[in-house]
Amino acid sequence: MSLFLKKRSFIKILIVGELILFFSIFIYLLLFSPNYLNKKSKYVVINKNETFQNVITRFTDEGIISKPLFFKVAGILFGYHNEIKMGRYLIHDGESNYKILERIIDVKGSETPSITILEGLRLREIAGYLKLRAGIDSTRFMELSRNYSYLNIPTKSINSLEGFLMPDTYEILWQTDEEEIIKRMVREFERFYHDSLKQRAVQLRMSLKDVISLASIIEGETKLKSERSIVSGVYHNRLRIRMALQADPTIQYIISNGPRRLKYSDLKINSPYNTYIYTGLPPGPINNPGRASIIAALYPAKHKYFYFVANGLGGHNFSTTFDMHNENVAKFRKIRADSLRKKIL
């Protein structure tokens, strides 16, 4: 082989080698070069109907990706630009474009937070909490809770689903449809409120709305397991003789800036939920009670108590007469005054 041909072959090999090297570097930068997040992991959100270009812009602004053009080319090259899924994703420091793309096209890669809805929360509180933790539209959640014709629930004599969203821990993907969340919570309520509880309500001559309304008051009065049935017994005793329930949680429900310490003027607010003015149960539940309070509403303790007041230790003192009740009130006021004095000193 002549020197010329050898030189020509060498140049070809060199060019091919350079092309391979260039292509390898390009592929590395395109797919596998790390995106550094200052050695921190970060949650990112992809919203409903968000475009791939919007995601790129936001990820760039938030410091998730360092080479937006390469990220875009990689997404288009693999067809991922049409497959991104809404969700909340945890991106780790140093993850490549390819790794991030793989994560956001797989709904299983989205964080599925365990969201605990506590006992005694109101609808608006649940809506606000889910907006924060699951990215839902809280306004739509409230609208669906008031216009619930899409549900097959056993009572239609209520203004909203207040009381019928079962407190529990739920696995909820980011921006899950609000109607789906409500259906799951109502289903959990229906699963709990089984035939034996329905039969017990019939024995007590209480409607479903009555049971949950009373349970919501009990939920608002005490968090102590040992007290729920006793508090329930007090209210059953009052209902039996048509005595006003005088339940403070119903007042907290109607004031606009609660919960707070109640004033005497609050007790005079003209509302059907004011159990100081109107006898019997309020028109509907005042929060979403938990299982224990619903059981307590159906199985009250048998006793002769008609009154109770906080004891300053997290529980309550119960009494059978108004005079005894006034003595307990005086004790509580002294404890509260002493506690306030110590804080000032």
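Going letter by letter, the sequence shown gives residues 9 to 353 in the numbering used here. For glycine and all other residues, C-beta sits at the position ideal for the given N, C-alpha and C. Model, not experiment: these values are computed from the prediction.
Straight-line Cα distance separating residue j from residue i
i, j, result
"Val242", "Met174", "25 Å"
"Ile92", "Met193", "28 Å"
"Met332", "Asp176", "39 Å"
"Thr230", "Ser221", "15 Å"
"Leu253", "Arg141", "36 Å"
"Leu85", "Tyr137", "39 Å"
"Val53", "Asp114", "13 Å"
"Gln207", "Ala305", "14 Å"
"Asn296", "Leu126", "9 Å"
"Ile180", "Tyr272", "42 Å"
"Lys139", "Ser279", "30 Å"
"Ile134", "Glu335", "38 Å"
"Glu188", "Phe149", "10 Å"
"Leu205", "Gly102", "55 Å"
"Asn43", "Ser49", "11 Å"
"Gly320", "Lys310", "25 Å"
"Leu13", "Ile108", "Annotation note: pLDDT 48 at Leu13 (below 50); position unreliable, coordinate value reported separately. Computed Cα separation, rounded: 48 Å."
"Phe67", "Ile73", "6 Å"
"Val219", "Ala209", "7 Å"
"Arg250", "Gly288", "7 Å"
"Leu129", "Glu186", "17 Å"
"Phe152", "Arg213", "Sequence check: residue 152 is Leu here, not Phe. Cα-Cα distance, rounded: 30 Å."
"Lys233", "Tyr315", "18 Å"
"Arg349", "Gln211", "50 Å"
"Ser264", "Pro290", "18 Å"
"Arg195", "Leu247", "30 Å"
"Tyr284", "Phe330", "15 Å"
"Ile99", "Pro121", "15 Å"
"Leu159", "Gly87", "39 Å"
"Asp203", "Thr65", "54 Å"
"Gly276", "Arg268", "Reading off the sequence, residue 276 comes out as Lys, not Gly. C-alpha separation (whole angstroms): 16 Å."
Cut-off 8 Å between Cβ atoms - residues of its own chain near residue i, not counting five sequence neighbours on either side
i, result
"Tyr201", "Leu216, Ile302"
"Ala345", "none"
"Tyr313", "Ile238, Gly241, Val242, Asn245, Phe326, Ser327, Thr328"
"Ser347", "Gly320"
"Asp256", "Gly228, Glu229, Leu270"
"Tyr286", "Ala252, Pro280"
"Gly143", "Val53, Asn55, Arg96, Trp182, Gln183"
Beta-carbon proximity list for residue i, same chain, < 7 Å, skipping 5 on both sides
i, result
"His89", "Phe60, Gly83"
"Lys342", "none"
"Tyr156", "Leu169"
"Glu235", "Gly323, His324"
"Thr147", "none"
"Arg132", "Met150"
"Gly292", "Ile166, Asn167, Glu170, Gly171, Lys217, Ser221"
Closest Cα partner of residue i within the set the options
i, options, result
"Tyr307", "Asn57, Ala135, Ala223", "Ala223"
"Lys80", "Arg269, Asp69, Val63, Glu70", "Val63"
"Ser41", "Asn245, Pro76, Asn57, Lys50", "Pro76"
"Asn57", "Gln183, Lys342, Glu188", "Gln183"
"Ile166", "Pro257, Ile294, Thr328", "Ile294"
"Val337", "Arg213, Val317, His324", "Val317"
"Ile226", "Ala300, Arg130, Tyr158, Leu205", "Ala300"
"Glu70", "Tyr51, Asn55, Gly87", "Tyr51"
"Phe197", "Arg66, Tyr315, Tyr281, Gly298", "Gly298"
"Asn55", "Asp145, Gly87, Leu131", "Asp145"
"Ile262", "Leu159, Arg248, Asn282", "Asn282"
"Asn105", "Asn160, Phe78, Pro121", "Phe78"
Bridge partners - residue i, DSSP secondary structure assignment
i, result
"Ile99", "Lys50"
"Ser41", "Paired residue(s): none; Ser41 is not in a bridge."
"Ser104", "Pro42"
Same chain only: Cβ atoms within 6 Å of residue i, ignoring 5 sequence neighbours per side
i, result
"Lys339", "none"
"Ile259", "Leu270, Asp274"
"Gly266", "Gln260"
"Arg154", "Ser168"
"Tyr178", "Ile123"
"Ile190", "Leu152"
"Arg199", "none"
beta-carbon residue i near the ligand FAD non-hydrogen atom, thresh 7 Å
i, result
"Gln207", "Among the ligands in the structure shown, none appear at all, so the ligand FAD cannot be discussed."
- Query: Fully enclosed by the region 115-185, which alpha helix (DSSP H) runs are 4 residues long or longer?
  - Reply: With a minimum length of 4 residues, the continuous alpha helix (DSSP H) runs that stay inside the region 115-185 are 131-142, 146-154.
- Task: Taking only runs that begin and end inside the region 264-338, name each unbroken alpha helix (DSSP H) of 4 or more residues, in chain order.
- Result: Qualifying alpha helix (DSSP H) stretches, in chain order: 299-306.
- At which residue ranges does the region 222-272 contain complete alpha helix (DSSP H) runs of 4 or more residues, listed in the order of the chain? List check, alpha helix (DSSP H) in window: 233-248, 256-262.
- Within the region 194-224, note down every full beta strand (DSSP E) run reaching 3 residues or more, in order along the chain. Qualifying beta strand (DSSP E) stretches: none in this window.
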